[in-house]
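The structure appears right after this line, and notes come after that.
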Amino acid sequence: MSNTSPPPTERLISIAAYTLPFLNSLQYGRYLLAQHPGLALLFDPIVPFLAFYRSVPYSSFVAFFALYLGVVRNPSLPRYVRFNAMQAVTLDVLLVVPLLVHRIFSPAPGPLVVWSSNAVFVFSLVCFLYGVASCVVGRTPHLPFVADAASRQI
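If you count by this note's numbering, then the sequence shown holds residues 204 to 357, one letter each, in order.
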């Protein structure tokens with residue numbers, strides 16, 4: 204294994220990959236951000252980008268397949284970039300599970316729904332921050348519940 208750090212372009216592509224699950228996880232933060240308006244101010248700079256992202260029909264679907272087919276399955280890209288992209292794709296797939304549970308059981312917004320939404324949001328936010336910070340310094344992040352699955356797919 205090489206101790207050399209990946210070039211900045213590989214780091215940037217890897218960081219960009221983690222924005223997909225981050226943007227898709229913001230819906231789970233609605234309760235937490237409503238309870239703590241000061242925390243919501245941290246997300247104000249991305250509101251215009253988020254509004255554009257959500258205004259384009261099927262943008263999440265297109266971004267998902269672009270990331271998967273264009274980066275993860277592209278053998279000409281380095282393993283570092285493909286592994287980070289696969290972790291982002293896997294994390295994005297995992298974000299669908301709470302949404303399906305919510306739609307199937309249609310629970311009223313009680314304490315369990317609020318707590319679980321907050322937990323999903325905090326988990327995905329921590330994964331995003333850890334992934335971005337690791338990529339900035341040139342290390343390979345190993346996200347919990349995600350890294351093993353991503354490694355098997357590369």
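No residue lacks a Cβ here, since even glycine has one placed at the ideal position from N, Cα and C.
Counted within 10 angstroms of its Cβ, other Cβ atoms place residue i as buried (16 or more) or exposed
{"i": "D295", "result": "buried"}
{"i": "R207", "result": "Strictly speaking, residue 207 in this sequence is Thr, with Arg absent from that position. Per the 10 Å Cβ criterion, exposed."}
{"i": "V259", "result": "exposed"}
{"i": "R342", "result": "exposed"}
{"i": "A353", "result": "buried"}
{"i": "M204", "result": "Here M204 scores only 49 on pLDDT, less than 50, and its place in the model is too uncertain to base an answer on."}
{"i": "L272", "result": "exposed"}
{"i": "R214", "result": "buried"}
Contact check, residue i vs residue j, beta carbons under 7 Å
{"i": "C338", "j": "S217", "result": "yes"}
{"i": "V335", "j": "Y221", "result": "yes"}
{"i": "P224", "j": "S327", "result": "yes"}
{"i": "V290", "j": "L346", "result": "The sequence shown places Gln at residue 290, rather than the Val named in the question. Yes. Within cutoff."}
{"i": "R301", "j": "V323", "result": "A small correction: the amino acid at residue 301 is Pro; Arg does not occupy that position in the sequence shown. Yes; because the gap between Cβ atoms is below 7 Å, this pair is in contact."}
{"i": "L226", "j": "Y261", "result": "no"}
Chain-order list of residues whose beta-carbon lies under 6 Å from that of residue i (same chain, five-residue window excluded)
{"i": "A361", "result": "Outside the displayed range of the chain (204 to 357) lies residue 361, so it cannot be described from this structure."}
{"i": "V317", "result": "Y234"}
{"i": "S320", "result": "Y231, Y234"}
Residues near residue i in its chain [Cβ-Cβ closer than 8 Å; skip 5 each side]
{"i": "I357", "result": "V275, R282, R285, F286, M289"}
For the region 310-357, which segments carrying the alpha helix (DSSP H) assignment without a break, of at least 4 residues, lie completely within its bounds, in sequence order? As far as the region 310-357 is concerned, its whole alpha helix (DSSP H) runs of at least 4 residues are 314-340, 350-356.
Along the chain, which unbroken stretches of the alpha helix (DSSP H) at least 4 residues long are found entirely within the region 205-231? 211-220, 222-228
Whole runs of the alpha helix (DSSP H) within the region 258-304, excluding any shorter than 4 residues: 262-270, 282-297
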